[in-house]
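Take any residue in the sequence shown, note its place counting from 1, add 5, and you have its number in the working numbering. Down below is the structure, laid out as structure tokens.
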Amino acid sequence: MISDKLIKQCEENLKKQFEYFEDIALYNQEKVLSAFQKNRLALRHFTGTTGYGYGDEGRDTLNTVFADIFGAEKAICSPNIVSGTHALSLCLFGVLMPNDKALCITGTPYDTLNDVIYGEGNGSLKDYGIEFTCIDLLNDKIDKEKIKEYFETNGCPKMIYMQRSRGYAWRDAMSISDISDAVEFVKSLGFDGCIMLDNCYGEFLDKLEATNVGVNLMAGSMIKNPGGGIAPTGGYVVGSEKYVNLVQNKLTAPSIGGEVGSYTSGYQYYFQGLFLAPHIVLQAVKGSLLFGAVLNELGYETSPRLDTMPNDIIRAIKFNNEKDLISFIQTIQHNSPIDSYVDALPWEMPGYEDQVIMAAGCFVQGSSIELSADAPIKPPYIAYMQGGLTYEHAKIVLKNLNLTQKN
């Protein structure tokens, strides 16, 4: 058990960081409220439709509100997008055509995209003759020299792809400043195509979003940050109109695009979750900072470092052995509001190369804006903790961790 004294000491040391993110949350809350008011949101927008969904005001207004919040021309915010991976796949297949080239400048994308990009005989990008090249980061920053070499050898690709969060890598998430710098650099090389970002876990961590600094197409999950812990399912795509149009043609069909799509359950929880999102993200970030501070005091290595500001809601914790890793994940599960009696165990999860253990005692299945954690079972045995609907819940879980001072 971790003492109240240590937790209080760490909270005192984190006051400046907490104030920094409280200011960001206030700014973003005002931005969200303004978008709701500008679009004259009313009770009728909560109502669902059936069949084709022609003239679905809730769907169309949700898309417009989302685009306004993210400073973009157009958005798709839809329960018909089943996950963040689905949203990203739609973007890749919507924009890229056979024999096109895409360049990822942030290393290998998240595990669940491996078969989307490199699978054989499953309808992957590779099957369509689309070349997807990855350039690793250099000291957590884009490797400008390697990118320049690629352009000199291969010319301009059709798409520049970036992943904001760390996935299962030991690195900091990209900041808005990092993303802006990357955009400016590739444009200086003559690139004028689609700059795409996987923004999962990064929404509302800054006063600016990536679409404010030149990203043309951005995607993520509605059961992460922007759903506020209330959205029951769904994903989003936001950005330049010409690229979002291509994506919505892939979501439905080129002949109908975004003119159809019904959802009988209605849209209240999407609007409500989006309204709460800046505050909920603040709760998650404060919980992450507290976990980092306390575990650092106990001798554990965590990422991001406490002398840097987090750029997503993920806290990576290095355990260096399988037993402690599994114990940590199980403690998260045992202190969850749902399925607290369950022992989380490693298993072969679809889309992942290694066995994965997940703690997700969530109201919305798999929601990682709720306090959850997962880890691939491989050295150096790193747990990736994310979310937290309330800061108080994070403190309760922290107090119940069975961790002692490392030598």
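Heads up, the beta-carbon is just placed ideally off N, CA and C, and yes, glycines get one too.
{"Item": "Alpha carbon of serine 341 to alpha carbon of alanine 364, nearest angstrom", "Value": "9 Å"}
{"Item": "Whether alanine 92 touches glycine 240 by CB criterion (8 Å)", "Value": "yes"}
{"Item": "Rounded straight-line distance, which links the Cα of threonine 307 to that of alanine 298", "Value": "9 Å"}
{"Item": "Exposure of serine 373, with buried meaning 16 or more beta-carbon neighbours within 10 Å", "Value": "buried"}
{"Item": "Spatially closest choice to proline 315 from Thr395, Asp183, Ile235, Val249, by CA coordinates", "Value": "Asp183"}
{"Item": "Residues near arginine 176 by beta carbon distance below 6 Å, same chain, minus five either side", "Value": "Asp145"}
{"Item": "Whole-angstrom C-beta distance between alanine 107 and threonine 216, which should lie under 8 Å", "Value": "No, threonine 216 and alanine 107 are not in contact; Cβ-Cβ is about 19 Å, not under 8 Å."}
{"Item": "Entirely enclosed alpha helix (DSSP H) segments - the region 6 to 33, minimum 4 residues", "Value": "9 to 18"}
{"Item": "Beta bridge counterpart(s) of tyrosine 241 as assigned by DSSP", "Value": "Cys82, Gly225"}
{"Item": "Start-end ranges of the beta strand (DSSP E) lying completely within the region 254 to 338, minimum 3 residues", "Value": "306 to 308, 319 to 323"}
{"Item": "Neighbourhood of cysteine 199 by C-beta, 6 Å cutoff - its chain only, sequence neighbours within 5 removed", "Value": "Val100, Met164, Asn221, Leu222, Tyr248"}
{"Item": "Proximal residues to isoleucine 235 (C-beta, below 6 Å), its chain only, five neighbours per side dropped", "Value": "Tyr274, Gln277, Gly278"}
{"Item": "As assigned by DSSP and simplified to three states, the class of serine 185", "Value": "helix"}
{"Item": "Short Cβ contact (8 Å threshold) for valine 286 with alanine 30", "Value": "yes"}
{"Item": "Identity of the residues DSSP links to methionine 102 by a beta bridge", "Value": "Answer is none; methionine 102 lacks a bridge partner."}
{"Item": "Coarse secondary structure for serine 377, derived from DSSP in three states", "Value": "strand"}
{"Item": "Sequence-distant residues of its chain with Cβ nearer than 7 Å to serine 270 (five each side left out)", "Value": "Gly53"}
{"Item": "Beta strand (DSSP E) segments (min. 3 residues) lying fully within the region 48 to 77", "Value": "none"}
{"Item": "Straight-line gap, glutamine 34 to phenylalanine 209 (C-alpha atoms, nearest Å)", "Value": "9 Å"}
{"Item": "Paired residues, beta bridge with tryptophan 352 - DSSP", "Value": "Val361"}
{"Item": "Span of the beta strand (DSSP E), counted from its first residue to its last, around leucine 202", "Value": "199 to 203"}
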